[in-house]
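K.L.:
A single structure is presented below for examination.
In our numbering, the protein residues as written are 6 to 198.
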């Protein structure tokens, strides 16, 4: 990593943690999540995470391994050299604990803004469905030409995340459209290389 680069852990969606690297060069990370429990120190570890410049990475710890009402510490090792360069503390709130996780069925269709935006070259697009439906999620260029089909299948009601890779596209403004039954909506995204 270089001065001015940053790493951040984003919101938890569908039990996934999203790590974003806003840097000028590729890098690698080790991530460890530690917390104290009745049985002693517990640990989730994900090593050798390769990240390109301005990219994201999503991972899913086994949340059942973590006790409720504890504070977890996320340790980040930039460069895989065994030195902890950054850490975050996360409170495992029993009101939102995954131990009592039940699938929440959304009450309405929704297409969320991609994250990160602007992006290079990866971004995450999330959407939710209140009922089972045939879904298409497509990306178009500024002239309305289709450049990618991300989803084209029947999906159950729920919330979904789809990663879009713009590696083969030029910098610019693009649009992504979600269609499910009679529902259709479009949002704008910006690819900056």
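The beta-carbon is built from N, C-alpha and C at its ideal position, and this holds for glycine as well.
Is the distance from the Cβ of residue 180 to the Cβ of residue 145 below 8 angstroms?
P.N.:
yes
K.L.:
Taking just the CA atoms, how far does residue 151 sit from residue 133?
P.N.:
22 angstroms
K.L.:
Pick helix, strand or coil for residue 198, following the three-state DSSP scheme.
P.N.:
Correct three-state label for residue 198: coil.
K.L.:
Using three-state DSSP, classify residue 184 as helix, strand or coil.
P.N.:
strand
K.L.:
On the DSSP letters alone, give me the boundaries of the beta strand (DSSP E) that residue 168 sits inside.
P.N.:
163-170
K.L.:
Rounded to a whole number of angstroms, what is the C-alpha to C-alpha distance between residue 193 and residue 111?
P.N.:
23 angstroms
K.L.:
Can you give the Cα-Cα distance for residue 149 and residue 31, rounded to whole angstroms?
P.N.:
32 angstroms
K.L.:
Is residue 171 buried or exposed, if buried means 16 or more other CB atoms sit within 10 Å of its CB?
P.N.:
buried
K.L.:
Where does residue 157 fall in DSSP's three states?
P.N.:
strand
K.L.:
Quick test of your reading: residue 114 and residue 162, contact by CB under 8 angstroms. State the CB separation rounded to the nearest angstrom.
P.N.:
Not a contact, Cβ separation roughly 10 angstroms.
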